[in-house]
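Structure first, commentary second.
Residue numbers (the numbering used here), protein chains in the order written: chain A, 5 to 118; chain B, 7 to 248.
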């Protein structure tokens, strides 16, 4: 791959604006000089490493935050489930107690004894 | 409004009923509403009839109080658990943000040495990850406002009216009872709607958290795909002769 092809590839990669500008600058200088010297090549590699590092930092942060939010959602779901179980127990107990009271109410009052 | 079908004992009861209805509101769950409906089958009836219902009336009042306490306890538990989980998310976010921003600052210092003057953009992008929907960190208490005591009193009257219907009221009394029940049907509709809204609030938080998580994971995948392209380019550059 020659320098022109490298420059073409560079535009397709999606480096951050500032890094892309620096890389293009170095590539243009190399093209003008007719070759890429070791120092310029190292400078390009370092800039790419920096951009990669920034991308990884951003992606890692997003994934950690996504994990925290997923865990938050799952715990909230579990809490709602437990709350529903508690109230289901209250409902069942009340239903049973109300049934017993209703049975009592259906029983005719005892006739007063003289 | 004066209700002729209510005896003085019934009118003195709203405090117990209030405990239940307020608890039901705080719990914010349709199930609490069902508990109230079950209780409505017996509330108000016992005082008006003979010995058997008087005995049942004693049980009914105890049941009212007990149920009110249990619903309150359940509501408090739900509120405490959700609040503590919300606080935990807040603390976790602060810790994650502090760590990420500190790393971004370190990166920016290094980037400056390479002549990158817009290095703070990474710090800004990292900080933006923590801009989540405000609803996720809202205080739970705000979503569970207790209903006004007046409305609880109205529900007590419904309970009394429902029971009185089973006690062979005369035509005038029945007509009056029907007017009360009709008015209260509308009130119950409001209560149900409020329960739905409160329960929906927690559901909304869960959906919002999950939606944001999915969105962040998708963005992270895109960023990683970009990183892969950069690594491939670096490989091509490394193979070029200097």
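Glycine included, every Cβ here is placed at the ideal spot set by N, Cα and C. Small disclaimer: the values here were computed from a predicted structure and weren't measured.
For a contact meaning CB atoms closer than 8 Å, what does residue i contact in chain B?
i	result
residue 26 of chain A	120, 121, 122
residue 55 of chain A	236
Run through chain B and tell me which residues come within less than 7 Å of residue i, C-beta to C-beta.
i	result
residue 68 of chain A	102
residue 50 of chain A	120
Can you check whether the CB of residue j is closer than 8 Å to the CB of residue i?
i	j	result
residue 91 of chain B	residue 83 of chain A	yes
residue 58 of chain A	residue 128 of chain B	yes
residue 219 of chain B	residue 73 of chain A	yes
residue 246 of chain B	residue 54 of chain A	no
residue 56 of chain A	residue 233 of chain B	yes
residue 43 of chain A	residue 33 of chain A	no
residue 244 of chain B	residue 49 of chain A	yes
residue 18 of chain A	residue 207 of chain B	no
residue 63 of chain A	residue 226 of chain B	yes
residue 242 of chain B	residue 86 of chain A	no
Name the residue from the options whose alpha carbon lies nearest to the alpha carbon of residue i.
i	options	result
residue 70 of chain B	B/44, B/83, B/93	B/44
residue 209 of chain B	B/112, B/142, B/236	B/142
residue 37 of chain A	A/69, A/97, A/7	A/7
residue 130 of chain B	A/96, A/74, A/65	A/65
residue 14 of chain A	A/43, A/41, A/51, A/39	A/51
residue 213 of chain B	A/107, A/98, A/81, A/88	A/81
residue 76 of chain B	A/68, A/90, A/61	A/90
residue 215 of chain B	B/126, B/237, B/123, B/99	B/99
residue 70 of chain A	B/123, B/79, B/95, B/125	B/95
residue 97 of chain A	B/72, B/137, B/231	B/72
Show which residues of chain B have a CB atom less than 9 Å away from the CB atom of residue i.
i	result
residue 15 of chain A	Within chain B, no residue comes near residue 15 of chain A; the closest Cβ sits about 11 Å away, beyond 9 Å.
Between the C-alpha atoms of residue i and residue j, what's the straight-line distance to the nearest angstrom?
i	j	result
residue 157 of chain B	residue 132 of chain B	Confidence at residue 157 of chain B is low in this model, with a pLDDT of 39, below 50, so the placement of that residue should be treated as unreliable; the coordinate-derived value is given next. Looking at the two C-alpha atoms, the distance is approximately 49 Å.
residue 162 of chain B	residue 74 of chain B	The predicted position of residue 162 of chain B is uncertain, since its pLDDT is 41 and thus under 50; a value taken from the coordinates is nonetheless stated next. Cα-Cα distance, rounded: 13 Å.
residue 229 of chain B	residue 139 of chain B	22 Å
residue 79 of chain A	residue 222 of chain B	19 Å
residue 11 of chain A	residue 106 of chain B	33 Å
residue 112 of chain B	residue 119 of chain B	11 Å
residue 84 of chain B	residue 77 of chain A	15 Å
residue 104 of chain A	residue 92 of chain A	18 Å
residue 21 of chain A	residue 27 of chain A	10 Å
residue 75 of chain A	residue 101 of chain A	39 Å
residue 109 of chain B	residue 102 of chain B	11 Å
residue 121 of chain B	residue 89 of chain B	47 Å
residue 57 of chain B	residue 79 of chain B	In this predicted model, residue 57 of chain B has a pLDDT of only 48, less than 50, meaning its place in the structure is not dependable; the value taken from the coordinates is given anyway. Roughly 33 Å between the two C-alpha positions.
residue 239 of chain B	residue 30 of chain A	15 Å
residue 211 of chain B	residue 82 of chain B	19 Å
residue 67 of chain A	residue 87 of chain B	25 Å
residue 16 of chain A	residue 47 of chain A	20 Å
residue 237 of chain B	residue 88 of chain A	51 Å
residue 51 of chain B	residue 144 of chain B	Note that residue 51 of chain B has pLDDT 49, beneath the 50 cutoff, so the model's placement of it is unreliable and the number below is only indicative. For residue 51 of chain B and residue 144 of chain B, the distance between alpha carbons rounds to 43 Å.
residue 148 of chain B	residue 93 of chain B	For residue 148 of chain B, the predicted structure reports a pLDDT of 34, less than 50, and the residue's modelled location is therefore unreliable. A value from the coordinates is still provided. Rounded to the nearest angstrom, the two C-alpha atoms are 15 Å apart.
For residue i, return the contacting residues in chain A, with the cut-off set at a CB-CB distance below 7 Å.
i	result
residue 211 of chain B	80
residue 87 of chain B	83
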